[in-house]
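The opening position of the sequence shown corresponds to residue 244 in this note's numbering, with each subsequent residue numbered one higher.
Here a beta-carbon is modelled for each residue, glycine too, at the ideal position from N, C-alpha and C.
Values in this document were obtained by computation on a predicted structure and should not be read as measured data.
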Amino acid sequence: MFSDDLKLFREVSSLEDCEFLQADLERVSQCEDNNIALNARKGKMITFTRVSAPIIFNYSLREAILERVELIKDLGELFDAGLTFAQHSLREAILERVELIKDLGELFDAGLTFVQLKRSHPGAC
């Protein structure tokens with residue numbers, strides 16, 4: 244996290260909770276009144292839940308709707324909305340294989356090896 248990063252969190256189980264989180268965002272937007280610029284275009288929002296039908300609410304910062312994402316990178320780690328870490332695990336598995344290829348060096352045709360990696364992890368492409 245950089246000194247200019249900000250994260251807000253609130254447990255949301257009702258529309259009223261959504262409105263509380265929006266009020267938190269409105270309080271944060273007062274930073275601009277103190278000459279601290281906010282870039283809503285860089286802002287993202289993600290709902291971490293395993294519920295099949297979560298509450299959807301369009302949060303905004305200074306009239307700009309925050310982009311809703313299903314996957315977010317924070318401090319180098321990938322977090323998905325269901326907290327499965329599937330993308331992170333896939334990434335780690337691919338990186339392990341790439342390191343193996345580097346270690347074996349000249350023994351493999353790099354193009355052929357990459358095709359094999361793609362086939363063993365179809366979700367990677």
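Among the options, whose alpha-carbon lies nearest the alpha-carbon of residue i?
i: His309; options: Gly325, Ile279, Leu268, Thr292; result: Here residue 309 turns out to be Leu, not His, going by the sequence shown. It is Leu268 whose Cα lies nearest to the Cα of Leu309.
i: Leu304; options: Gly319, Ala280, Ser257; result: Ala280
i: Asp376; options: Val341, Tyr302, Met288, Asn282; result: This structure gives no information on residue 376, because the portion of the chain shown stretches from 244 to 368.
i: Ala329; options: Glu313, Glu342, Glu254; result: Glu313
Roughly how many angstroms separate the alpha carbons of residue i and residue j, rounded to a whole number?
i: Ala307; j: Glu335; result: 35 Å
i: Asp260; j: Leu333; result: 34 Å
i: Arg293; j: Asn277; result: 39 Å
i: Leu258; j: Val271; result: 20 Å
i: Met244; j: Asn301; result: Caution applies to Met244, whose pLDDT of 40 falls short of 50 and renders its modelled position unreliable; the model cannot decide the point.
i: Pro297; j: Leu326; result: 14 Å
i: Ile337; j: Arg311; result: 27 Å
i: Gln265; j: Asp323; result: 22 Å
Alpha helix (DSSP H) containing residue i: first to last residue?
i: Phe322; result: Segment 320 to 323 is the beta strand (DSSP E) holding Phe322; no alpha helix (DSSP H) there.
i: Leu264; result: 258 to 271
Spell out the partners DSSP gives residue i in its beta bridges.
i: Ile308; result: Ser303
i: Leu314; result: Asp323
i: Lys287; result: Glu310
Does residue i pass the burial test, meaning 16 or more other C-beta atoms within 10 Å, or should it be called exposed?
i: Phe252; result: exposed
i: Phe291; result: exposed
i: Gly286; result: buried
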